[in-house]
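**Q** In the UniProt record's numbering, the protein residues as written are 1 to 140.
We put the beta carbon where it would ideally sit given N, CA and C, even for glycine.
One structure, as structure tokens, below. Some questions next.
Printed below as a string of structure tokens:
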């Protein structure tokens, strides 16, 4: 559109250019408030068109299914056996599932041969228990 055809040419010299008197069409009042104001009231339709997910929240996400909450290392087996271990048929038995442990990790060493029942275990933990003459039994 050429400048000579614009509406503003008609309003030259008219002081308020069609916006009434005394500060109308200024500041934040003419647009219904600053920022996020009025999104539940007079700007509700604008919110629905531009950002329909503005209000509310996402539902909670379920926890990871393989979350390990409690674990023990190979170095802890001696102490655990001293408190909770059992002797069955000449073998030292530790039932970590019964004690609430989820996983056996491979930190440290053990000198004694244990039969360890546990749900999950690392490859290094299994190797270290076997080196000491014991075994790791996976329990479902």
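Considering only residues of the same chain and omitting the five flanking positions on each side of residue 124, which have a CB-CB separation below 6 Å?
**A** Answer for residue 124: 106, listed in chain order.
**Q** If you pair each beta-carbon of the stretch 62–69 with each one of the stretch 88–95, do three or more pairs fall below 8 Å?
**A** Segments in contact, no.
**Q** Measure the alpha-carbon distance for residue 7 versus residue 23 and round it to whole angstroms.
**A** Those two C-alpha atoms are separated by around 20 Å.
**Q** Can you give me the Cβ contacts of residue 39 inside the same chain, cut-off strictly under 7 Å, excluding the 5 residues immediately before and after it?
**A** Excluding positions up to five away in sequence, the list reads 47, 54.
**Q** Let me make sure I understand the geometry here. Which of 90, 33, 112, 119 has the alpha-carbon closest to that of residue 70?
**A** Selected option, being the one with the closest Cα: 119.
**Q** Tell me residue 87's beta-bridge partners as DSSP assigns them.
**A** Its beta-bridge partners are 92.
**Q** Report yes if the C-beta distance between residue 102 and residue 68 is below 8 Å; otherwise report no.
**A** In this structure, residue 68 lies closer than 8 Å to residue 102 by Cβ.
**Q** Throw me the rounded Cβ distance for the residue 134 and residue 115 pair, which I believe falls under 8 Å.
**A** About 6 Å; that satisfies the 8 Å criterion.
**Q** Tell me, which residues are paired with residue 105 by DSSP?
**A** Answer by DSSP bridge pairing, in chain order: 73.
**Q** Where does residue 34 land, buried or exposed, given buried means 16+ other C-beta within 10 angstroms?
**A** Exposed, by the Cβ-count rule.
**Q** Can you list, in chain order, the residues of its chain with a C-beta nearer than 7 Å to that of residue 86? Leave out the 5 residues immediately preceding and following it.
**A** Closer than 7 Å at Cβ, skipping near neighbours: 93.
**Q** Please go through the same chain and pick out, in chain order, the residues whose beta-carbon is closer than 8 Å to the beta-carbon of residue 141, but skip the five residues on each side of it.
**A** In the structure as shown, the chain starts at 1 and stops at 140, and residue 141 therefore has no counterpart that could be examined.
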